[in-house]
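Trainee:
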Amino acid sequence: MTNITLEQCCTIISTLWSNGVHDAKTLHKLTSIPRFTVYDYVKKLKNDNTLNPLPRSSRLKKLSSKKRHFLGRLISANRYYTCTELANILNENYTNLNVTD
């Protein structure tokens with residue numbers, strides 16, 4: 001298997017586990033998921049009976065990728081900008097962005 005997401009791996013392993021495949025080596029051979037990852041999944045399934053990921057904070061990013069790219073170009077152009085100068089330039093170019101130092 002190539003290019004599968006973490007959720008897909010968990011779903012595949014959970015489905016096989018519920019169908020009675022409880023051996024890590026067999027799960028590895030059937031799915032081509034790395035063996036040590038399968039061992040971790042089997043350990044979780046034995047303890048919790050689920051592969052749900054831990055909850056993570058959902059803090060949003062302040063700068064979009066375009067704005068981060070712009071900030072990186074500013075810094076590479078002049079490495080001696082102060083935080084105040086960078087904040088002023090960002091506020092001038094992106095009016096909806098409120099950056100304070």
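With full-length UniProt numbering applied, the sequence shown corresponds to residues 1 to 101, in that order.
A virtual CB, placed ideally from N, CA and C, is assigned to each residue, including glycine.
1) Tell me which residue opens and which closes the alpha helix (DSSP H) that Arg-35 is part of.
2) Short of 7 Å in beta carbon distance, which residues of its chain neighbour Leu-74, apart from the five on each side in sequence? Order them along the chain.
3) Judging by CA-CA distance, which residue of Ala-77, Val-21, Cys-10, Ser-64 is the nearest neighbour of Tyr-94?
4) Report yes if the CB atom of Ile-33 is closer than 7 Å to the CB atom of Cys-10, and no otherwise.
5) What residue from Arg-35, Thr-31, Ser-57, Asp-40 has the CA that sits closest to Asn-3's CA?
6) Throw me the rounded Cβ distance for the Leu-51 and Leu-45 pair, which I believe falls under 8 Å.
7) Should Leu-6 go down as buried or exposed, given a rule of 16 or more other Cβ atoms within 10 Å for buried?
8) Buried or exposed: which applies to Leu-27, given that a residue is buried once 16 or more other Cβ atoms fall within 10 Å of its Cβ?
9) Taking just the CA atoms, how far does Thr-84 sit from Ser-14?
Mentor: According to the structure shown:
1) 35-48
2) Tyr-81, Leu-86, Ile-89
3) Ser-64
4) no
5) Thr-31
6) 7 Å
7) exposed
8) buried
9) 51 Å
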